[in-house]
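For the sequence shown, the numbering used here gives the first residue as -19, with consecutive numbering after it. Using N, Cα and C, we set each Cβ at its ideal position, and we do this for glycine too. What you are looking at is a predicted structure, and each value in this text was computed from that prediction instead of being measured. Please read the structure below before turning to the comments.
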Amino acid sequence: MKFVMSYSCGKDSTLALHKFIEAGNEPVGLLVMVNEALDRSWFHGADYKLLDKFSKALDTPLILCPSKGEEYHIAFERGLAEAMKLGAEMAVFGDIDIEGNRAWSEERCKNAGIKAEFPLWQRGREEVVREIIGSGFRCIIKSINNKLLPREILGCLLGDDTAEIMASCGIDLCGENGEYHTIAVGGPVFKSALKYQLGEILDFGERSVIEIR
């Protein structure tokens, strides 16, 4: 069946995309929410050039949904409607176990008239991280909560070593509560290499972010 992927460029949505394609489904687009004020994706901060690289590397068109924030839900539903015009019968999400996130996504899909699917739902959080690492996904640690994680892991790949550091800090390995965010740059779902460069580290109080271009 054809589907649209609610895509953040991060590890969980990339794994969900991979698993849904592996199950024999076909993506018609990557639905990406964009912060209109910054011209970057919400939460993971990918700019338009990097998003275009994702589209090419995953061989899937973008469905960009700009939003200032207050009308985020409306912009998302507009993106779902656009995906349905491309033939999408399902919208896929990378959520694992946060009920509020799932309820929000299901409400958007209900309003748009499309079925919501959650291929990672109720998987163990550590199990998901171990599958991402074990399956060969390359995910760069893009941002961290400075109160919870050391700055030195910014720009590093999520792997056994960085997972061990995270575990020693006592955080949720999956980062479901915003302890860290990743950008996926390679792995079995990618049709071609995603070329990128690491830039400077920017500090925003509790959070630090590394530029990825």
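Grab me the residues of residue i's own chain with a C-beta within less than 8 Å of its C-beta, minus the 5 sequence neighbours each way, in chain order.
i	result
G179	I190, E191, I192, R193
E6	M(-19), K(-18), F(-17)
A147	L153
R58	C45
W84	H53
T159	The sequence given here places Glu at residue 159; Thr does not occur at that position. Cβ neighbours of E159 beyond the five flanking positions: I124, N125, L128, L129, M146, I151, D152.
E86	A96
F0	F(-17), M(-15), P7, V72, E97, P99
S188	S123, I124, N126, R131, L134, I181, L182
Quick one: residues in its chain with C-beta nearer than 7 Å to the C-beta of residue i, no 5 flanking neighbours on either side, listed in chain order?
i	result
H24	S(-12), C(-11), G(-10), K122, H161, I163
L66	V8, G9
Q102	D77
T(-6)	F117, A164, G167, V169
Ignore the nearest five residues each way along the sequence and tell me which others in residue i's own chain have a CB closer than 6 Å to its CB.
i	result
E97	M70, V72
A68	K(-18), F(-17), V(-16), V8
W22	M13, N15
I112	K(-9), L(-5)
Report buried or exposed for residue i, applying the criterion of at least 16 other Cβ atoms within 10 angstroms of its Cβ.
i	result
R131	exposed
H(-2)	buried
G155	buried
K33	buried
F170	buried
F184	exposed
G150	exposed
G3	For the record, residue 3 in the displayed sequence is Ala; it is not Gly. So A3 counts as exposed.
D141	exposed
L182	exposed
L18	exposed
E107	exposed
G114	exposed
G74	buried
Less than 8 Å between the CB atoms is what I'm expecting for residue i and residue j, so what's the real figure, rounded?
i	j	result
R20	V14	7 Å
I120	G104	Rounded, the Cβ-Cβ distance is 23 Å, inconsistent with contact.
P41	E16	Contact doesn't hold; Cβ gap of about 20 Å is too wide.
L100	D(-8)	6 Å
L60	R88	6 Å
A63	I43	6 Å
Only counting runs of 3 or more residues, tell me where the beta strand (DSSP E) segments fall wholly within the segment 120 to 184, in order along the chain. Taking only runs of at least 3 residues, the beta strand (DSSP E) segments lying wholly in the segment 120 to 184 are 160 to 166, 178 to 184.
The segment 119 to 128 contacting the segment 84 to 98, beta-carbon criterion three pairs below 8 Å: Taking 8 Å as the limit for Cβ pairs, the verdict is that the segment 84 to 98 does not touch the segment 119 to 128.
May I have a chain-ordered list of the alpha helix (DSSP H) segments no shorter than 4 residues that lie completely inside the segment 21 to 61? You should have 28 to 38.
Are the segment 28 to 41 and the segment 167 to 175 touching by the rule of at least three beta carbon pairs closer than 8 Å? Result yes; three or more Cβ-Cβ pairs closer than 8 Å.
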